[in-house]
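Trainee: One structure is given below, represented as structure tokens, and several questions about it will come after.
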Amino acid sequence: IKAFISAILGHDPTGKNIDGGILGIVKAYYGCVEAQGRGSLHCHLLVWVEGGLNPNDLKDRVLKDEEFKSRLIDFLEDTISTCVPDDVPDAPSVQSSTFHPCSVRGAPVDLVGDQLQAASQKDFHNLVNSCQVHAHTKTCYKYCRDGEAKFCRFDLDESNVQPDTIVNPETGEIELKCSNGLVNSYNETIIKAVRCNMDIKFIGSGASAKAILYYITDYITKTQLKAHVAYAALEVAIGKVGCADDTTNDAALRAKKVLQKCAFSMISQQELSAQQVCSYLMDLEDHFTSHSFRRLYWSNVERYINDIEPSPECYVTSPIDESVEDAIDVDIDEQEDTDLPDVDIEDVTCPATEDEVRVTVDPSGVLVADTDVLNDYLFRHKDLVNICL
10 IKAFISAILG
20 HDPTGKNIDG
30 GILGIVKAYY
40 GCVEAQGRGS
50 LHCHLLVWVE
60 GGLNPNDLKD
70 RVLKDEEFKS
80 RLIDFLEDTI
90 STCVPDDVPD
100 APSVQSSTFH
110 PCSVRGAPVD
120 LVGDQLQAAS
130 QKDFHNLVNS
140 CQVHAHTKTC
150 YKYCRDGEAK
160 FCRFDLDESN
170 VQPDTIVNPE
180 TGEIELKCSN
190 GLVNSYNETI
200 IKAVRCNMDI
210 KFIGSGASAK
220 AILYYITDYI
230 TKTQLKAHVA
240 YAALEVAIGK
250 VGCADDTTND
260 AALRAKKVLQ
270 KCAFSMISQQ
280 ELSAQQVCSY
290 LMDLEDHFTS
300 HSFRRLYWSN
310 VERYINDIEP
320 SPECYVTSPI
330 DESVEDAIDV
340 DIDEQEDTDL
350 PDVDIEDVTC
360 PATEDEVRVT
370 VDPSGVLVAD
380 TDVLNDYLFR
390 HKDLVNICL
């Protein structure tokens, strides 16, 4: 990934590279490594290009400036492809005709002239045909209900053909031409270099930005452990603790043992592929970024916003299944009325009202004013009023 970012994208942290890469001058990027259902690792990468406009400015330029619109369309059509390259039947033999294109290199290096060009075109055709052409399976229609028309959840279909790139005159949304509705968008230089399946999209409108932001957020925050599996693991762990012959009288210690056993039970149910295990053991990066970031503990901010403007969608009480309730309601040592000693618990705060000041105790036992990122932001100096959280 680092070689790809440096050689293909041409990102230079020193800013001395004024030529850029295949997308232009890259000023920022953020990539997250994820595992597919079968365990293979892949990277989701967002790239910010120098000179890129925000969605509103881009919309205005596209709708008002014909020259700018033409240059932008030319750039996008040159960068993003949605067709299968022409085959060359009489081209010299290439390994991708016999083996899977992802497992071999490109055209033979000992060829020259027209022979090399024909072999490269043949290999390019094999690569795109094997990696980018979508074949429908039952997972494409898993969200379709019985009796309803079936549609591919990946929005890939033979009918999705767009002869020319068009711009919506009202929204400024750019719909790129699509030669083959079953081909995932790709970049010729990238796919020839990495030799694997890929997808590339241009995020130019507010609607597209919101959609991709929702997708990324939903994707990276989803848990690998299904809810019913987690509840089952917790039930077994709590049951074992309740049946254990433990003479420990320290309630805090017993509580910690419960949490420990619950955590171990849930971790034991976590599915990890060999690639993920190797990546963790070798301490390989799980994300790639051009910038450094600070942690933002969102729970306090979300709680504050919800107190001001409650969200009916996010805070809906749902009925709890009796079996789950029974699993949770296991009395470990029948000490319901025993006051537990103080235990360090992170990120548990009681929101103060507008007229209250929260205090905490420092390690020496002295009461001090409590503060956090939320309060620091709410009561920031007037010179910082334009700074976003």
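Heads up, the sequence shown is in the numbering used here, so the first residue is 10 and it goes up one at a time. Cβ coordinates follow ideal geometry from the N, Cα and C atoms, glycine included.
When DSSP builds the beta bridges, which residues end up paired with His53?
Mentor: Answer is Cys41, bridged to His53.
Trainee: Give the C-beta separation of Pro94 and His134 to the nearest angstrom, bearing in mind that I take them to be a contact with Cβ-Cβ under 8 Å.
Mentor: Contact flag correct, Cβ pair sits at about 5 Å.
Trainee: Pull up the DSSP beta-bridge partners for His296, would you.
Mentor: Partner(s): Cys41.
Trainee: Please report the residue range of the beta strand (DSSP E) in which Ala283 lies.
Mentor: Careful: Ala283 lies outside any beta strand (DSSP E), inside the alpha helix (DSSP H) at Ala283 to Leu290.
Trainee: With DSSP run on the structure shown, which of helix, strand or coil describes Thr148?
Mentor: Three-state DSSP puts Thr148 in a helix.
Trainee: What residue range does the alpha helix (DSSP H) around Ala202 cover?
Mentor: Taken as a continuous stretch (DSSP letters only), the alpha helix (DSSP H) holding Ala202 covers Glu197 to Val203.
Trainee: According to DSSP, is Ile225 part of a helix, a strand, or is it coil?
Mentor: Here Ile225 sits in helix by DSSP.
Trainee: Rounded to whole angstroms, what is the Cα-Cα separation between Thr23 and Lys159?
Mentor: The alpha-carbon atoms of Thr23 and Lys159 are separated by roughly 51 Å.
Trainee: Our contact map puts Thr174 next to Glu76 with C-beta atoms below 8 Å; I'd like the distance itself, whole angstroms only.
Mentor: Their Cβ separation, rounded to whole angstroms, is 16 Å, which puts Thr174 and Glu76 out of contact at 8 Å.
Trainee: Any idea which residues DSSP pairs Gly33 with across the strands?
Mentor: DSSP output for Gly33 lists Gly30 as bridge partner(s).
Trainee: Does DSSP classify Ala116 as helix, strand or coil?
Mentor: Reduced to three states, the DSSP call for Ala116 is coil.
Trainee: Quick one: grab the DSSP three-state call for Ala378.
Mentor: Correct three-state label for Ala378: strand.
Trainee: Please say whether Val42 and Phe297 have beta carbons closer to each other than 9 Å?
Mentor: Yes.
Trainee: How many Å lie between Asn315 and Ala378 at the Cα?
Mentor: Whole-angstrom Cα-Cα distance: 24 Å.
Trainee: For the putative contact between Glu197 and Ser105, defined by C-beta atoms under 8 Å, what is the C-beta separation to the nearest angstrom?
Mentor: Actually they are not in contact, since the Cβ atoms of Glu197 and Ser105 sit about 15 Å apart, beyond 8 Å.
Trainee: Helix, strand or coil for Thr369, going by three-state DSSP, please let me know.
Mentor: Thr369 falls in the strand class under three-state DSSP.
Trainee: What does a CB cutoff of less than 7 Å around Asn138 pick up in its chain, not counting 5 residues either side in sequence?
Mentor: Cβ within range, chain order: Val93.
Trainee: Can we say the stretch 51-62 touches the stretch 24-43, given the rule of at least three CB pairs closer than 8 Å?
Mentor: Taking 8 Å as the limit for Cβ pairs, the verdict is that the stretch 24-43 does touch the stretch 51-62.
Trainee: For a test of the three-state rule: what should DSSP assign to Val310, helix, strand or coil?
Mentor: Note: Val310 maps to helix in three-state DSSP.
Trainee: Which two residues bound the contiguous alpha helix (DSSP H) that contains Pro64?
Mentor: Counting along the chain, the alpha helix (DSSP H) containing Pro64 begins and ends at Pro64 to Lys73.
Trainee: Ends of the alpha helix (DSSP H) at Val103?
Mentor: Careful: Val103 lies outside any alpha helix (DSSP H) and carries neither H nor E.
Trainee: What do you get for Leu293, buried or exposed, if any count of 16 or more other CB atoms within 10 angstroms of its CB means buried?
Mentor: Exposed, since its Cβ has fewer than 16 Cβ neighbours within 10 Å.
Trainee: On a Cα-Cα basis, can you pick out the residue from Gln269, Thr107 and Leu383 that is closest to Ser308?
Mentor: With distances taken between Cα atoms, Ser308 lies closest to Leu383.
Trainee: What distance in whole Å lies between the Cβ atoms of Met207 and Tyr224, which are believed to be in contact at a cut-off of 8 Å?
Mentor: Not confirmed; about 16 Å, so no contact.
Trainee: So what does DSSP say about Val142, is it helix, strand or coil?
Mentor: Residue state, collapsed to three classes: strand.
Trainee: Can you tell me the Cα-Cα spacing of Leu125 and Asp96, whole angstroms?
Mentor: Roughly 14 Å between the two C-alpha positions.
Trainee: Is Glu59 near Gly29, with beta carbons less than 9 Å apart?
Mentor: Against a cut-off of 9 Å, the Cβ pair of Gly29 and Glu59 comes out as a contact.
Trainee: Just checking, does the stretch 103-119 make contact with the stretch 153-170 on the three C-beta pairs under 8 Å criterion?
Mentor: Flag = no, the stretch 103-119 and the stretch 153-170 do not touch.
Trainee: Please return the same chain residues whose Cβ sits closer than 6 Å to the Cβ of Asp351, not counting the five positions on each side in sequence.
Mentor: Here Asp351 scores only 47 on pLDDT, less than 50, and its place in the model is too uncertain to base an answer on.
Trainee: In the DSSP assignment, what residue or residues form a beta bridge with Ser90?
Mentor: Answer is Tyr195.
Trainee: Quick one: Cα of Gly48 to Cα of Pro372, how far?
Mentor: Approximately 45 Å between the Cα atoms of the pair.
Trainee: Tell me which residues share the same chain as Ala127 and place their Cβ nearer than 6 Å to its Cβ, disregarding the 5 neighbours each side in the sequence.
Mentor: Excluding positions up to five away in sequence, the list reads Val97 and Ala100.
Trainee: Does DSSP classify Cys187 as helix, strand or coil?
Mentor: The answer is strand: DSSP assigns Cys187 an E or B state.
Trainee: Count the other C-beta atoms from every protein chain shown that fall within 10 angstroms of the C-beta of Ile354, then say buried if there are 16 or more, exposed otherwise.
Mentor: Low per-residue confidence applies at Ile354: pLDDT is 41, beneath 50, and the placement is therefore not dependable enough to give any value.
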